[in-house]
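In this note's numbering, the protein residues as written are 7 to 568.
Virtual Cβ for every residue (Gly too), placed ideally from N, Cα, C.
Just so it is clear, the structure is predicted and the values come from calculations on it, not from any experiment.
One structure is given below, encoded as structure tokens.
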């Protein structure tokens, strides 16, 4: 290989290498002082740097495992400048024949250092930079596990230039593993008993730096604090313990926010919210929210308080009023609810709730009122969510709720609602988005179900090409009355065409229905995506297949993928 892979350094000054792979040439340039010399340097300085260039070249090649390199060099003096040429035969690389790591390292690092750093293995080309990085990673990992006195008693690379082989030997004096000392919080914000619920650190347990990281993240996510400082100094060398000093500064107690948006289902919409993040020193919180759009007006208030583990367990008491009016239905609902939420393993959030709903509704030609005491369970899990463009992720939710006339409700039913969305990228440019929605209701009479409990389909987040909630069973008058069951599915292929811009094609299908009388409506279309700094903006053009005389419908939505 010949030619220069980098541009001239200054005013025609240049180094030209032949025979080197790109990574070897890059390292040679980085370690050769001649590479920094310009045409303005004196000829005597250039000659001196040129004489030293051979040693620099050999050092750079040995660092990458090439110990038997040969080269020829010459320098030319074109008008007003210089060009140095190196014709290199790097020879065969030195490969690792043996990697010997003693048992003390295995014990102190649980057999592996940082997961992102692959271990040294026999047969690979010797690279001194990788050796040093691996050696440092092993030591740092031992320290992160509490071996603060760990030192290498033997660390070397033995090279046999004739055989083109090398042996790596690492022996560690790990010392005694340190343990956590007392955890001390310095703050006057919330009770220490609540603060300790954010930490898994217990005095006397072996030190793990991951526990410090977890404590910091838990306190940061609590929303109580504006500044978090955690110190583990000074170490108690005699007792072999690590003190944990946590200093906290309060964040703003009251937070007000205003938001606005637009979607073709709802039209322009706005939101005003108020949050009191610290009602008292027990960590209780209060949030009030006012939302309005062309079809929906809602006011809600929620009072939350933590249990013994504030990272995962909360109670909440909520109440609110909702007015919703669409082309299909109209309802006014008052709600009072008690909720218990607990974070489970695998990113799952479990919620148990009791809601009292009082609703006046009109749907189709039906008008009525209903009081329901609902008992429900909800499970939700989100993975891979990103503010802008999610590469790979999924969202799953399952909700089971029911009411009984023997418990004071006007009707009895059990309802299941399940949602799933899956995103997978085939490359940096192409991804597929699949979603599904299922609803099932077991009841004696559909007429006794209020509008908010019935299923309808159609719209931006449902079946594009149709108006918001225009799909469902119809009554005797020909007007939509909603269904007891629901099936929806969608698949979308998206491809980036420019930075932050993508095009998409999609098919949506499904409907709401009664019993087993399912008849799917299908919409197809294309769209444009803009991944803006504040999140995705989607513009879709969709057409219903079962109504070819209908015009194309425009759908505009904003917000994250999951």
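Sequence-distant residues of the same chain with beta carbon closer than 7 Å to residue i, five excluded per side
{"i": "residue 334", "result": "369, 462, 475, 476 and 486"}
{"i": "residue 431", "result": "397, 398 and 437"}
{"i": "residue 32", "result": "none"}
{"i": "residue 423", "result": "405 and 445"}
{"i": "residue 576", "result": "The structure shown has nothing for residue 576, since the chain only spans 7 to 568."}
Supposed close pair residue i, residue j - CB separation, criterion 8 Å
{"i": "residue 172", "j": "residue 102", "result": "6 Å"}
{"i": "residue 377", "j": "residue 415", "result": "7 Å"}
{"i": "residue 160", "j": "residue 175", "result": "6 Å"}
{"i": "residue 493", "j": "residue 529", "result": "Contact doesn't hold; Cβ gap of about 15 Å is too wide."}
{"i": "residue 426", "j": "residue 419", "result": "Not really, about 23 Å apart at Cβ, beyond 8 Å."}
{"i": "residue 544", "j": "residue 563", "result": "5 Å"}
{"i": "residue 573", "j": "residue 74", "result": "Beyond the ends of the chain as shown, which are 7 and 568, falls residue 573; an answer cannot be given."}
{"i": "residue 339", "j": "residue 365", "result": "4 Å"}
{"i": "residue 323", "j": "residue 304", "result": "No, residue 323 and residue 304 are not in contact; Cβ-Cβ is about 17 Å, not under 8 Å."}
{"i": "residue 561", "j": "residue 270", "result": "5 Å"}
{"i": "residue 460", "j": "residue 488", "result": "3 Å"}
{"i": "residue 178", "j": "residue 108", "result": "6 Å"}
Residue i - containing beta strand (DSSP E), residue span
{"i": "residue 80", "result": "76-82"}
{"i": "residue 529", "result": "527-538"}
{"i": "residue 2", "result": "The chain is shown only over 7 to 568; residue 2 falls outside these bounds and no answer can be derived."}
{"i": "residue 405", "result": "399-409"}
{"i": "residue 46", "result": "First-last for residue 46: undefined, no H or E at that position."}
{"i": "residue 430", "result": "419-431"}
{"i": "residue 177", "result": "171-179"}
{"i": "residue 290", "result": "Residue 290 -> no beta strand (DSSP E), and no H or E assigned at all."}
{"i": "residue 609", "result": "This structure does not reach residue 609, given that the chain is present from 7 up to 568, and the question cannot be answered."}
{"i": "residue 164", "result": "157-166"}
{"i": "residue 191", "result": "185-192"}
{"i": "residue 474", "result": "That residue, residue 474, is in no beta strand (DSSP E); it is neither H nor E in DSSP."}
Residues that DSSP places opposite residue i in a beta bridge
{"i": "residue 129", "result": "Answer is none; residue 129 lacks a bridge partner."}
{"i": "residue 452", "result": "Paired residues: none, contrary to the question."}
{"i": "residue 376", "result": "365"}
{"i": "residue 329", "result": "303 and 338"}
{"i": "residue 297", "result": "277 and 304"}
{"i": "residue 249", "result": "Its beta-bridge partners do not exist; DSSP assigns none."}
{"i": "residue 512", "result": "498 and 531"}
{"i": "residue 391", "result": "For residue 391, which the question treats as bridged, DSSP gives no partner whatsoever."}
{"i": "residue 354", "result": "387"}
{"i": "residue 23", "result": "92"}
{"i": "residue 348", "result": "319 and 356"}
{"i": "residue 443", "result": "425 and 494"}
Sequence-distant residues of its chain with Cβ nearer than 6 Å to residue i (five each side left out)
{"i": "residue 356", "result": "348, 350 and 385"}
{"i": "residue 440", "result": "428 and 497"}
{"i": "residue 293", "result": "281 and 308"}
{"i": "residue 311", "result": "290 and 321"}
{"i": "residue 490", "result": "447, 452 and 520"}
{"i": "residue 76", "result": "95"}
{"i": "residue 79", "result": "92"}
{"i": "residue 121", "result": "Interpretation of residue 121 is limited by its pLDDT of 46, a score under 50 that renders its predicted location unreliable; no figure is taken from the coordinates."}
{"i": "residue 276", "result": "266 and 298"}
{"i": "residue 537", "result": "394, 395 and 506"}
{"i": "residue 559", "result": "471 and 548"}
{"i": "residue 232", "result": "255 and 257"}
Local Cβ density within 10 Å of residue i, reported as buried at 16 or more and exposed below that
{"i": "residue 286", "result": "exposed"}
{"i": "residue 147", "result": "buried"}
{"i": "residue 554", "result": "exposed"}
{"i": "residue 533", "result": "buried"}
{"i": "residue 166", "result": "exposed"}
{"i": "residue 413", "result": "exposed"}
{"i": "residue 34", "result": "buried"}
{"i": "residue 226", "result": "exposed"}
{"i": "residue 67", "result": "buried"}
{"i": "residue 332", "result": "buried"}
{"i": "residue 23", "result": "buried"}
{"i": "residue 479", "result": "buried"}
{"i": "residue 262", "result": "exposed"}
{"i": "residue 342", "result": "exposed"}
Where the alpha helix (DSSP H) containing residue i begins and where it ends
{"i": "residue 146", "result": "134-150"}
{"i": "residue 52", "result": "49-69"}
{"i": "residue 99", "result": "Counting along the chain, residue 99 falls outside any alpha helix (DSSP H), and DSSP gives it neither H nor E."}
{"i": "residue 28", "result": "28-37"}
{"i": "residue 198", "result": "198-201"}
Contacts around residue i, its chain only, beta-carbon distance under 8 Å, and the 5 residues preceding and following it disregarded
{"i": "residue 115", "result": "144, 147, 148 and 151"}
{"i": "residue 136", "result": "126"}
{"i": "residue 190", "result": "249, 250, 251 and 252"}
{"i": "residue 186", "result": "207, 208, 209, 210, 211, 212, 213, 217, 247, 248 and 250"}
Any non-hydrogen atom of the ligand FAD within 7 Å of residue i CB
{"i": "residue 163", "result": "The ligand FAD is absent from the structure shown, which contains no ligands of any kind."}
CB contact check: residue i to chain D, cutoff 8 Å
{"i": "residue 176", "result": "Among the protein chains of the structure shown there is no chain D, as only one such chain exists."}
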